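Sequential numbering of the sequence shown, starting at 14, is according to the numbering used here. Glycine included, C-beta positions come from ideal geometry on N, C-alpha and C. In this text, all values refer to a predicted model and were calculated from it rather than measured experimentally. First the structure, in the form of structure tokens, and then the observations on it.
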Amino acid sequence: MSISRIDQLEQNLRAWLLRTPVLSLASSLGAEDMVITDLICRKNLPIRIFTLDTGRLPEPTYRLLDRIFEHYGRRIEVFWPAQEDVEELVKEQGVNGFYHSLAARRACCGARKVKPLARALSGQQGWITGLRRDQSPTRSDLVAEIRDEGHGLMKYSPLLDWSQEEVWAVVKEYRVPYNALHDQQYASIGCAPCTRAIQPGEDERAGRWWWESSHSKECGLHVVSETATQE
Numbered sequence: 014m015s016i017s018r019i020d021q022l023e024q025n026l027r028a029w030l031l032r033t034p035v036l037s038l039a040s041s042l043g044a045e046d047m048v049i050t051d052l053i054c055r056k057n058l059p060i061r062i063f064t065l066d067t068g069r070l071p072e073p074t075y076r077l078l079d080r081i082f083e084h085y086g087r088r089i090e091v092f093w094p095a096q097e098d099v100e101e102l103v104k105e106q107g108v109n110g111f112y113h114s115l116a117a118r119r120a121c122c123g124a125r126k127v128k129p130l131a132r133a134l135s136g137q138q139g140w141i142t143g144l145r146r147d148q149s150p151t152r153s154d155l156v157a158e159i160r161d162e163g164h165g166l167m168k169y170s171p172l173l174d175w176s177q178e179e180v181w182a183v184v185k186e187y188r189v190p191y192n193a194l195h196d197q198q199y200a201s202i203g204c205a206p207c208t209r210a211i212q213p214g215e216d217e218r219a220g221r222w223w224w225e226s227s228h229s230k231e232c233g234l235h236v237v238s239e240t241a242t243q244e
């Protein structure tokens, strides 16, 4: 099963490269994005890979960046939030103000994630994500290709119909490096203060912003595409 899935993934990436040659993978460093990273590196595809360092990532995530370089000989490009944005955020809401309200949490994600993503995507023709439909209720309507009007480029989600089991089958088969927190029941990993392990029966993103409603659990990186025109 994993071989056919990988073949289809490679075909999709090559097809998208022909349509949008200036193409990037926006990696969260989660298992899904590591599957895509592994294929890009093994096949030497001309796809840029970047990640966002919010300044509050857990230590195992930083260790994974080192392992990626050791395994593939490739550095992942890192984008950070602007210092002035973080200073203003902390001045307004404190260090952990995101716990106090949805608006405060979204403001934090805006400064630490959304703005850096916009800088990372500047000049690109398309971007790739590791989103899957069954990760949470907010992602059930994903499509593989969509025009991201918010950033003015194409957005691709090649793993949208993969299951969690299929992702991990590929990780094991190809010995893909992954975040050690996954072995501690962290299904979705973001900033350290906003991420916890999940319990049996919970959806994969239940450990993200666990104090909020399940229908608000997006940081804003993917919300901009909701009104996009499907291609």
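Got a sec? Which residues, its chain only, sit under 7 Å from residue i by beta carbon, not counting five neighbours each side?
i      : result
His84  : Pro190
Ala157 : Tyr169, Ser170, Pro171 and Leu173
Ser176 : Asp147
Trp29  : Leu36, Gly139 and Tyr169
Along the chain, where does the beta strand (DSSP E) that runs through residue i open and close?
i      : result
Ile159 : Glu158 to Asp161
Arg61  : Arg61 to Leu65
Ala39  : Leu36 to Ser40
Leu166 : Leu166 to Tyr169
Determine the DSSP secondary structure at residue i, reduced to helix, strand or coil.
i      : result
Thr142 : coil
Leu115 : helix
Gly17  : A small correction: the amino acid at residue 17 is Ser; Gly does not occupy that position in the sequence shown. Correct three-state label for Ser17: helix.
Thr74  : helix
Arg27  : helix
Glu90  : strand
Arg80  : helix
Arg218 : coil
Kindly indicate the opening and closing residues of the alpha helix (DSSP H) around residue i.
i      : result
Glu101 : Gln96 to Gln106
Lys128 : Lys128 to Leu134
Leu52  : Ala44 to Arg55
Ala182 : Gln177 to Glu186
Using the beta-carbon count (16 or more within 10 Å), is residue i buried or exposed?
i      : result
Lys126 : buried
Arg27  : exposed
Leu115 : exposed
Gln148 : buried
Glu239 : In this prediction, Glu239 has a pLDDT of 44, which is less than 50 and means its spatial position is unreliable; nothing more can be read from the coordinates.
Ala95  : exposed
Val180 : buried
Pro150 : exposed
Gly220 : buried
In chain order, what residues of the same chain lie with their CB nearer than 8 Å to the CB of residue i, ignoring the 5 residues before and after it?
i      : result
Trp224 : Tyr112
Leu134 : Ser37, Ala39, Trp140, His164 and Leu166
Once the 5 residues before and after residue i are set aside, which same chain residues still bring their CB inside 6 Å of it?
i     : result
Trp93 : Asp66
Three CB pairs or more closer than 8 Å across the region 51 to 68 and the region 89 to 102: Segments in contact, yes.
contact_flag[the region 104 to 122, the region 73 to 80] where n(CB pairs < 8 Å) is 3 or more: No, the region 104 to 122 does not touch the region 73 to 80.
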